[in-house]
Each structure stands twice: as C-alpha cells, then as structure tokens.
Amino acid sequence: MEGIQFENKFKLEIDARLENEGFIRSMVTAFAVQINPTLSEINDIKTAVSEAITNSIVHGYNGKAGKITVVVGIKQKLIDITIIDNGVGIDDIERAKQPFFTTRAKDERSGMGFTLMESFMDSLSVKNNPDGGLIVNMTKAIN
Amino acid sequence: MEIKYKSTDSALIANLSGELDECTAEYVRMSLDTVLSDLRLSSPAKVVLDFGSVTFMDSTGIGVLLGRYNKFSKQGIEIAIKNASGHVDRILKMTGIYEIMPKIS
Numbered sequence: 001m002e003g004i005q006f007e008n009k010f011k012l013e014i015d016a017r018l019e020n021e022g023f024i025r026s027m028v029t030a031f032a033v034q035i036n037p038t039l040s041e042i043n044d045i046k047t048a049v050s051e052a053i054t055n056s057i058v059h060g061y062n063g064k065a066g067k068i069t070v071v072v073g074i075k076q077k078l079i080d081i082t083i084i085d086n087g088v089g090i091d092d093i094e095r096a097k098q099p100f101f102t103t104r105a106k107d108e109r110s111g112m113g114f115t116l117m118e119s120f121m122d123s124l125s126v127k128n129n130p131d132g133g134l135i136v137n138m139t140k141a142i143n
Numbered sequence: 144m145e146i147k148y149k150s151t152d153s154a155l156i157a158n159l160s161g162e163l164d165e166c167t168a169e170y171v172r173m174s175l176d177t178v179l180s181d182l183r184l185s186s187p188a189k190v191v192l193d194f195g196s197v198t199f200m201d202s203t204g205i206g207v208l209l210g211r212y213n214k215f216s217k218q219g220i221e222i223a224i225k226n227a228s229g230h231v232d233r234i235l236k237m238t239g240i241y242e243i244m245p246k247i248s
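Here the protein sequences come in this chain order: A and B.
Here our numbering is used: position 45 in the first sequence is 45, and no number is missing along the way.
Here our numbering is used: position 23 in the second sequence is 166, and no number is missing along the way.
Written out as structure tokens, the structure is:
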C-alpha cells in the first residue's frame with residue numbers, strides 16, 4: 001500500500017520458478033509471525049501469496065524465465081504484501097478477477113486465484129506494471 | 144506431495160500427503176490419471192481421496208480436482224473426499240468442490 005511508513009520490511013527478488021513457490025510462502029509467513037497471526041491467518045496469507053506467485057509464473061511468464069519481486073511490510077498489526085513481475089500483464093483485470101474466469105480451462109485452471117486472494121485478505125489491488133507485467137498488492141490486519 | 148493407494152471392498156483409497164500447489168500438481172494429475180484409468184476396466188467404481196495429510200492447497204489443487212472429475216465422471220467413476228480439515232476444507236467448500244465430489248466421513 002502506497003504511503004505507509006512500515007516498521008519492518010523485506011524485499012526479495014527471486015527467479016520465477018515453480019520450485020520457489022513454497023519457499024516464498026514460507027518466507028512471507030515466517031516474517032508475519034512477529035505480529036502474532038493465528039494459524040488460520042497464516043494459512044490465509046500463505047494461500048494468497050501462493051495464488052499471486054502462481055499467477056506470475058504461469059500467466060505472467062508462461063513458463064519463460066523471469067524474476068518476481070516480493071515486498072512485505074509490517075506496521076503494528078497490518079501486513080502489506082506486494083508481488084511484482086515483468087510478464088505479460090492482464091488485458092482486462094476486472095474480468096480476470098471474476099470467480100471461475102480463466103483463459104486456460106484446457107490447462108485445468110480453476111479461475112479462482114483472485115477470488116481466494118480477495119477472500120483471504122482484507123484488500124487486494126491488481127494493476128498492470130508500467131514497466132510491463134503485473135503488480136499485486138494485498139493487505140491483512142491481524143486480529 | 145506423495146500419494147499412496149489402498150484398495151478396499153468398496154473403494155480405492157488415495158492417501159495424499161504434503162502440499163498441493165502448482166509445483167506438485169502435475170505429479171498428482173499423472174498419478175491419479177494412471178491409477179484411475181485402470182479402474183475403468185471394473186467400472187462403476189468409487190475412489191476416495193483422503194486429504195487428511197494434505198498440509199496446504201491453493202486454487203491449483205481445485206483445478207486438478209475439477210480436471211479429474213471432468214475426465215472420470217463420464218466413465219462412471221465416483222470420486223469422494225474425506226478428512227480434509229481447516230484451511231484445505233475451507234477452500235474445498237468455498238469453491239463448491241463438495242457439490243461434485245461429496246465429503247464423506
């Protein structure tokens with residue numbers, strides 16, 4: 001989220017590879033532990049991050065080499081997660097956010113990625129990156 | 144992710160353990176497709192997916208399940224799900240998977 005002065009923050013740039021999904025999920029949730037999330041909140045964050053990373057690898061880069069940047073900030077009980085890629089972006093973001101919408105039904109995509117991100121986090125912003133690719137920002141207040 | 148199979152009188156039980164995400168989805172697809180394709184010989188047949196040891200699943204897992212349903216339901220194979228708990232159970236409910244793959248105890 002723009003304009004927030006975080007108390008603690010990390011930034012990770014990593015290859016857009018499927019093998020890194022679990023590592024990124026673990027990194028983000030390990031960082032979140034300092035604001036004492038419940039197990040359910042950890043799983044919410046883990047799922048939302050996994051959806052955003054999968055989208056970058058599968059849709060954004062479509063299997064080609066690329067980088068994903070993950071920026072996570074914490075302020076009091078709020079966690080703010082931004083995931084940036086330089087892939088192809090999304091032509092119609094509002095349509096892509098509709099439940100079960102997928103351009104890849106043949107590849108057994110459920111089209112539920114953005115729906116799960118929206119359901120499990122308090123806010124979701126999806127924008128095409130002016131440099132090419134996608135910027136996904138999500139926040140969640142830990143109770 | 145690992146899948147172990149066990150046959151009972153009433154069904155084939157597939158015990159899934161580990162994380163079901165984009166990284167492991169292809170293994171799950173291939174393993175289930177190989178085993179379920181053999182079942183067609185003795186159809187109608189029932190398969191129970193035991194999610195008791197699945198520690199994480201995202202929407203990629205939903206895609207895998209929908210794909211197996213589309214592929215095998217028309218061949219008379221019934222697929223049910225048991226022991227999904229917590230977060231995994233929540234995703235299965237939210238996405239309507241239990242409407243096509245009943246939750247059994």
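Built from N, CA and C at the ideal position, the CB exists for glycine as well.
CB contact below 7 Å: residue i versus chain B
i, result
"ARG104 (chain A)", "no"
"SER56 (chain A)", "no"
"MET138 (chain A)", "no"
"ARG109 (chain A)", "yes"
"MET112 (chain A)", "yes"
"LEU12 (chain A)", "no"
"LEU116 (chain A)", "yes"
Local conformation of residue i per DSSP, three classes
i, result
"SER110 (chain A)", "coil"
"MET237 (chain B)", "helix"
"ALA223 (chain B)", "strand"
"ASP232 (chain B)", "helix"
"ALA154 (chain B)", "coil"
"THR38 (chain A)", "coil"
"ILE247 (chain B)", "strand"
Chain A within 7 Å of residue i, Cβ atoms only
i, result
"GLY161 (chain B)", "no"
"GLU165 (chain B)", "yes"
"SER196 (chain B)", "no"
"ILE205 (chain B)", "yes"
"THR238 (chain B)", "yes"
"SER228 (chain B)", "no"
"GLY210 (chain B)", "yes"
"SER202 (chain B)", "yes"
Candidates the options, of which the one nearest residue i by Cα
i, options, result
"SER153 (chain B)", "B:ASN226, B:GLU165, B:LEU182, B:SER174", "B:LEU182"
"LYS189 (chain B)", "B:PRO245, B:GLU145, B:SER248, B:GLU221", "B:GLU221"
"ALA227 (chain B)", "B:LYS149, B:THR238, B:LEU192, B:LYS217", "B:LEU192"
"ILE247 (chain B)", "B:LEU163, B:VAL178, B:ALA223", "B:ALA223"
"PHE120 (chain A)", "B:ILE234, B:MET244, B:LEU163", "B:ILE234"
"HIS59 (chain A)", "A:ASP122, A:PRO37, A:ASP107", "A:ASP107"
"CYS166 (chain B)", "B:MET237, B:THR238, B:PHE199", "B:PHE199"
DSSP beta-bridge partners of residue i
i, result
"GLU13 (chain A)", "A:THR69"
"GLU162 (chain B)", "B:PHE199"
"LYS75 (chain A)", "A:LEU78"
"MET138 (chain A)", "A:ILE81, A:LEU124"
"ASN8 (chain A)", "A:ILE74"
Residues of its chain near residue i, where Cβ-Cβ distance is below 7 Å and the 5 sequence neighbours each way are ignored
i, result
"MET117 (chain A)", "ALA48, GLU51, ALA52, LEU124, MET138"
"GLU13 (chain A)", "LYS67, THR69"
"TYR61 (chain A)", "ALA16, ASP85, GLY87"
"LYS127 (chain A)", "ILE135"
"ARG25 (chain A)", "LYS46, VAL49, SER50"
"MET112 (chain A)", "PRO99, PHE100"
Contact set for residue i: own chain, Cβ-Cβ below 8 Å, skip 5 residues either direction
i, result
"ALA168 (chain B)", "THR203, GLY204, GLY206, VAL207"
"ILE74 (chain A)", "PHE6, GLU7, ASN8, LYS9, PHE31, ALA32, GLN34, ILE35, ASP80"
"ARG172 (chain B)", "VAL207, GLY210, ARG211"
"GLU21 (chain A)", "SER50, ILE53, THR54, ILE57"
"ASP131 (chain A)", "ASN86"
"ARG95 (chain A)", "PHE101"
"PRO245 (chain B)", "ALA223, ILE224"
6 Å Cβ shell around residue i - same chain, five flanking residues per side excluded
i, result
"LEU175 (chain B)", "ARG211"
"GLY101 (chain B)", "Summary: the structure shown does not reach residue 101 (chain B), with chain B confined to residues 144 through 248, and so no result is reported for it."
"PHE23 (chain A)", "none"
Under 7 Å from the C-beta of residue i: neighbouring residues of chain C
i, result
"PHE199 (chain B)", "Looking for chain C here will not work: the only protein chains present are A and B."
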